[in-house]
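Before any comments, here is the structure.
Numbering (UniProt numbering), first residue to last: 1 to 315.
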């Protein structure tokens with residue numbers, strides 16, 4: 001395809017055993033003309049039948065399958081960006097189901113708002129089990145926890161409200177030099193720094209690119225039942241904390257350090273550890289939940305300071 005309007009891009013690690021087929025089937029149902037878009041799917045070091053599943057759609061979707069053997073979502077997405085031809089680059093995940101008019105709405109929104117270079121859309125939850133009555137969902141921010149954006153009004157938006165499963169960037173805004181940071185983002189196993197999608201958007205906005213929320217462009221993001229519990233959300237807080245020094249190195253406290261971590265951070269960590277210990281044995285409550293969450297966050301934050309020490313010291 002020589003001049004597509006849209007390039008849809010996603011990376012999949014062992015997606016065949018999860019929701020990848022549902023994602024691809026939702027792409028089959030798009031009402032956007034197939035000659036006007038391309039799909040670049042990156043098989044990122046999968047150990048299951050992800051590659052075989054992607055190739056089963058060769059004749060039904062305008063798909064290009066890339067094999068990226070190096071683990072890491074950010075590197076896989078960069079490989080796709082290097083070959084994408086669309087004037088609009090649509091980044092998503094391998095566990096979404098897109099509305100049939102998703103691409104049409106993105107294209108129309110971008111055409112109607114030429115002064116904007118970043119577009120987000122609604123990301124609605126696709127719950128494995130109904131969470132009705134789960135108090136946890138009343139306590140946590142749905143965006144940073146589950147990448148949910150349910151704003152129903154279109155218009156200029158804060159770039160922090162543009163999330164990975166439904167992110168569009170104009171090729172002209174991205175250029176040849178802006179790519180995902182490969183030292184952050186999902187990696188199989190172990191700890192990784194969250195925020196690769198937010199980081200690239202923040203960099204673009206730092207260059208003057210403006211963001212717009214297109215409420216009519218909707219995807220549904222799979223949320224397994226195993227993610228809707230306190231321990232999972234608290235451990236996610238640890239990954240969030242781990243990435244903060246990479247995203248905001250200038251916000252790391254200055255002054256003396258012990259074992260590579262500022263004394264001020266050790267003091268704050270100790271305060272939250274004490275609160276979490278006091279509240280741990282008490283019944284579930286919002287106060288108890290956030291004390292434990294903050295304990296995990298600070299544990300990740302300390303590890304992130306050590307991991308990204310060169311950036312946090314370069315001031």
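The beta-carbon is built from N, C-alpha and C at its ideal position, and this holds for glycine as well. Remember, predicted model here, so these are calculated numbers, not experimental data.
query: The segment 40-51 / the segment 13-20 touching (three or more Cβ pairs under 8 Å); result: yes
query: Short Cβ contact (8 Å threshold) for residue 123 with residue 166; result: yes
query: Sufficient close CB pairs (3 or more, under 8 Å) joining the segment 213-229 to the segment 286-305; result: no
query: Per DSSP, cross-strand counterpart(s) of residue 155; result: 213
query: Residue 89 in three-state terms, based on DSSP; result: strand
query: Assigned secondary structure, residue 43 (DSSP; H/G/I helix, E/B strand, else coil); result: strand
query: Beta strand (DSSP E) runs contained entirely in the segment 160-218, provided each spans 3 or more residues; result: 167-170
query: In DSSP terms, what residue 37 is bridged to; result: 6
query: Where residue 59 sits in the DSSP three-state scheme; result: coil
query: Bridge partner(s) assigned by DSSP for residue 319; result: Residue 319 cannot be examined here, being either before or after the span of the chain that is shown, 1 to 315.
query: Spatial neighbours of residue 29 in its chain, beta-carbon cut-off 7 Å, leaving aside the 5 residues before and after; result: 100
query: Burial state of residue 342, where buried means 16 or more other Cβ atoms lie within 10 Å; result: The requested residue 342 is not part of the displayed model; the chain covers only 1 to 315.
query: Status (buried if at least 16 other CB within 10 Å, exposed otherwise) for residue 245; result: buried
query: Short Cβ contact (8 Å threshold) for residue 118 with residue 204; result: yes
query: Straight-line Cα distance separating residue 37 from residue 174; result: 18 Å
query: Assigned secondary structure, residue 148 (DSSP; H/G/I helix, E/B strand, else coil); result: coil
query: Beta-carbon contacts of residue 136 that lie in its chain and below 8 Å, excluding the five residues immediately before and after; result: 228, 229, 230, 233 and 289
query: Reference residue 155, options 96, 112 and 282, closest by Cα; result: 112
query: Helix, strand or coil at residue 261 [DSSP, three-state]; result: strand
query: Rounded C-alpha distance that separates residue 243 from residue 308; result: 9 Å
query: With 16 other Cβ atoms within 10 Å as the buried cut-off, status of residue 3; result: exposed
query: C-alpha gap between residue 77 and residue 19, whole angstroms; result: 19 Å
query: DSSP three-state assignment for residue 84, whether helix, strand or coil; result: coil
query: Start-to-end residues for the beta strand (DSSP E) that takes in residue 49; result: Segment: none, residue 49 is in no beta strand (DSSP E) and carries neither H nor E.
query: Unbroken beta strand (DSSP E) run spanning residue 238, endpoints; result: Run containing residue 238: none in the beta strand (DSSP E); it sits in the alpha helix (DSSP H), 230-247.
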